[in-house]
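I have placed the structure first, in the form of structure tokens, so that the comments after it can refer back to it.
Residue numbers (our numbering): 313 to 478.
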């Protein structure tokens, strides 16, 4: 069976980006014991990631690169903010490099990277940590199966076997 909409895919991957010198830098991996399992075609994965997997079969190896625009986008210069230090009066003041949880006025949760700590404010970067980076994927397709009716109704995979996750 090949990968197409409404199939559950299990795969391995290694993800790399490139640094300023053009050298590949390891980010993360999913191996056979901790495979990535997802419902294909429901918008859970990056669209271009899925596009590169379309039509592949069990046992196929893959390797491709997504541009920053096709991954998590370019760095948005407007996605930086200075937060008043008094926001942190009930918790420890974050340090440069920390990732902190935030919530907007509509109750949406997101994370921000601390870029500087000033006398009266904390500067944060609201861009996705992988924004502005090309994503280099390589891996192998482990399993492909039709999604169950429950998975389709819930909009996500229930594990490689269709019976996990709840």
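The beta-carbon is built from N, C-alpha and C at its ideal position, and this holds for glycine as well.
Own chain residues within Cβ distance below 7 Å of residue i, not counting five before or after
{"i": "residue 439", "result": "387, 388, 391"}
{"i": "residue 342", "result": "324, 325, 348"}
{"i": "residue 339", "result": "327, 328, 329"}
{"i": "residue 418", "result": "none"}
C-alpha distance - residue i paired with residue j, whole-angstrom precision
{"i": "residue 429", "j": "residue 399", "result": "13 Å"}
{"i": "residue 452", "j": "residue 475", "result": "22 Å"}
{"i": "residue 331", "j": "residue 378", "result": "15 Å"}
{"i": "residue 373", "j": "residue 380", "result": "23 Å"}
Nearest candidate by alpha-carbon position, reference residue i, set the options
{"i": "residue 397", "options": "413, 403, 446, 432", "result": "432"}
{"i": "residue 327", "options": "460, 446, 334", "result": "446"}
{"i": "residue 336", "options": "317, 450, 427", "result": "450"}
{"i": "residue 368", "options": "470, 454, 465", "result": "454"}
{"i": "residue 448", "options": "372, 417, 382, 371", "result": "382"}
Contact belief for residue i with residue j at Cβ below 8 Å, rounded distance in angstroms
{"i": "residue 315", "j": "residue 366", "result": "6 Å"}
{"i": "residue 458", "j": "residue 319", "result": "6 Å"}
{"i": "residue 426", "j": "residue 410", "result": "5 Å"}
Cβ shell of residue i (< 6 Å), same chain only, five flanking positions each side left out
{"i": "residue 443", "result": "384, 385, 387"}
{"i": "residue 394", "result": "433, 435"}
{"i": "residue 421", "result": "415"}
{"i": "residue 356", "result": "350"}
Terminal residues of the alpha helix (DSSP H) in which residue i lies
{"i": "residue 462", "result": "461-466"}
Span of the beta strand (DSSP E) around residue i
{"i": "residue 447", "result": "447-458"}
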